[in-house]
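Shown next, in structure tokens, is the structure this report addresses.
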Amino acid sequence: MERNINGKVLSTQKFASLYPFKPKHVNTRGHALYYLDEGSGPPVLMVHGNPTWSFYYRHLVKALSPNHRTIVPDHIGCGFSDKPDANAYQYTLQSRVEDLDTLINKLNLTEKISLIVHDWGGMIGLAWALDHLDRVDRIVITNTSGFFLPRGKKFPLRLWLLKYLAPFAIPAVQAGNIFSWAALYMAPRFPLSKQIKQGLTAPYDSWKNRIATLKFVQDIPLSPRDESYALVKKVEDNLQQLEKIPMMILWGRHDFVFDLSFLNEWKLRFPRVPVHLFDDAGHYLFEDKPGESTALIKKFMET
Numbered sequence: 001m002e003r004n005i006n007g008k009v010l011s012t013q014k015f016a017s018l019y020p021f022k023p024k025h026v027n028t029r030g031h032a033l034y035y036l037d038e039g040s041g042p043p044v045l046m047v048h049g050n051p052t053w054s055f056y057y058r059h060l061v062k063a064l065s066p067n068h069r070t071i072v073p074d075h076i077g078c079g080f081s082d083k084p085d086a087n088a089y090q091y092t093l094q095s096r097v098e099d100l101d102t103l104i105n106k107l108n109l110t111e112k113i114s115l116i117v118h119d120w121g122g123m124i125g126l127a128w129a130l131d132h133l134d135r136v137d138r139i140v141i142t143n144t145s146g147f148f149l150p151r152g153k154k155f156p157l158r159l160w161l162l163k164y165l166a167p168f169a170i171p172a173v174q175a176g177n178i179f180s181w182a183a184l185y186m187a188p189r190f191p192l193s194k195q196i197k198q199g200l201t202a203p204y205d206s207w208k209n210r211i212a213t214l215k216f217v218q219d220i221p222l223s224p225r226d227e228s229y230a231l232v233k234k235v236e237d238n239l240q241q242l243e244k245i246p247m248m249i250l251w252g253r254h255d256f257v258f259d260l261s262f263l264n265e266w267k268l269r270f271p272r273v274p275v276h277l278f279d280d281a282g283h284y285l286f287e288d289k290p291g292e293s294t295a296l297i298k299k300f301m302e303t
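Residue numbers (full-length UniProt numbering): 1 to 303.
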């Protein structure tokens, strides 16, 4: 698969054995949103965060697609999707939720949908789910949040610099690709192969193509002045509505952002939900423990 985005060719040739898929696309507000659509059966929708893309869910797509319709969108600015500048697209949580809804409606998914969410994809997917409770079958939570910072948790300094210090953040992220490259070494517990590194960073190969990695961080709401604050508060205040939906939590202990304080908050809010804590995994759980995590999710989906 090859695609020219902002003058750069995104090709899967170097990691085709890991990502043997042909993405499709729909139009959302004038932009092409690409997604994987593999297999048939009950739909499973996987929502990624920052700075990953559908590549991150490749193990699950392969494992679940024999019995499920596996759908994995690349958010606008990520993966194969268009990467417009900030004048042409509003890089906010609300936009992400609306894009997800557009995709779901255009695919005409009539069966209930199972959600698998990670990182900022948790807030996106859960915001959609709370507005469509009757369409959700089950939910898998992995190293993510559906609420503001837990009590006592401080916003990481490195993220604060990217959010508020534009003279540093813009050249560091968009010129130096510091966010995507740092994640290769901080997010997994074990070293990644060259092919996996190429796959994770391939879409973010130029200044213009790295806009989403910066905008995701800048959109993290910390105060009522932030644009996405109201929507995050709505999700946080209504999370209990998910209690009747079957849920499972998988968590990598060594997460540099979504640490155990986030997991403890999930356990406090959903004490009956089964939790699988991986002591030797990090933020990129599906890279560290692809076999174990996939087996648990497959069993959860088929039970």
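Glycine included, each C-beta is placed from N, C-alpha and C at the ideal position. Every value quoted in this text rests on a predicted model; they were computed, and no experiment measured them.
Residue of the options minimising C-alpha distance to residue i
i	options	result
N209	N108, L18, F80 and R135	F80
V117	R158, L60 and D82	L60
L200	N177, I220 and K24	N177
L214	Q195, L157 and I170	I170
N264	N143, R189 and K298	N143
L285	T303, D259, R269 and E302	D259
D255	D279, I104 and S54	D279
residue 304	A88, T303 and K62	Examination of residue 304 is not possible in this model, given that the chain is present from 1 through 303 alone.
Y164	S54, F216 and K106	F216
P43	A187, K8, S114 and L10	S114
M186	V9, E98, A281 and S261	A281
Same chain, Cβ closer than 7 Å to residue i, five either side skipped, listed in chain order
i	result
L231	L93, Q94 and A127
R96	H75 and I124
N6	K83, S206, K208 and N209
K267	V275
Buried versus exposed, by CB contacts within 10 Å (16 or more), residue i
i	result
G152	exposed
Y35	buried
D131	exposed
Q240	exposed
G49	buried
P274	exposed
T70	buried
residue 305	Because the chain spans 1 through 303 in this model, residue 305 falls outside it and cannot be assessed.
K289	buried
G252	buried
L157	exposed
P51	buried
A129	buried
T303	exposed
T110	exposed
L133	exposed
Beta-bridge partners of residue i, as assigned by DSSP
i	result
P278	Contrary to the premise, residue 278 reads as Phe rather than Pro in this sequence. G252.
D119	T144
S81	DSSP output for S81 lists no bridge partner at all.
L45	I71 and L115
M247	I139
Simplified DSSP state of residue i, which is helix, strand or coil
i	result
K234	helix
A32	strand
M1	coil
D37	strand
K8	strand
P271	coil
P167	helix
V173	helix
V257	coil
H25	strand
Q90	coil
D219	coil
residue 307	Examination of residue 307 is not possible in this model, given that the chain is present from 1 through 303 alone.
T303	coil
Q266	This sequence places Trp at residue 266; Gln is not what is there. Helix at W266.
R225	coil
L162	helix
Same chain only: Cβ atoms within 6 Å of residue i, ignoring 5 sequence neighbours per side
i	result
Q198	K14 and F15
P271	none
S40	R69
F179	P51, V173 and T213
K22	M1
Beta-carbon proximity list for residue i, same chain, < 8 Å, skipping 5 on both sides
i	result
L184	L192, K197, L200 and T201
Y56	H48, H118, L200, Y284, F286 and E287
H25	A32, L33, Y34, Y35, F80 and S81
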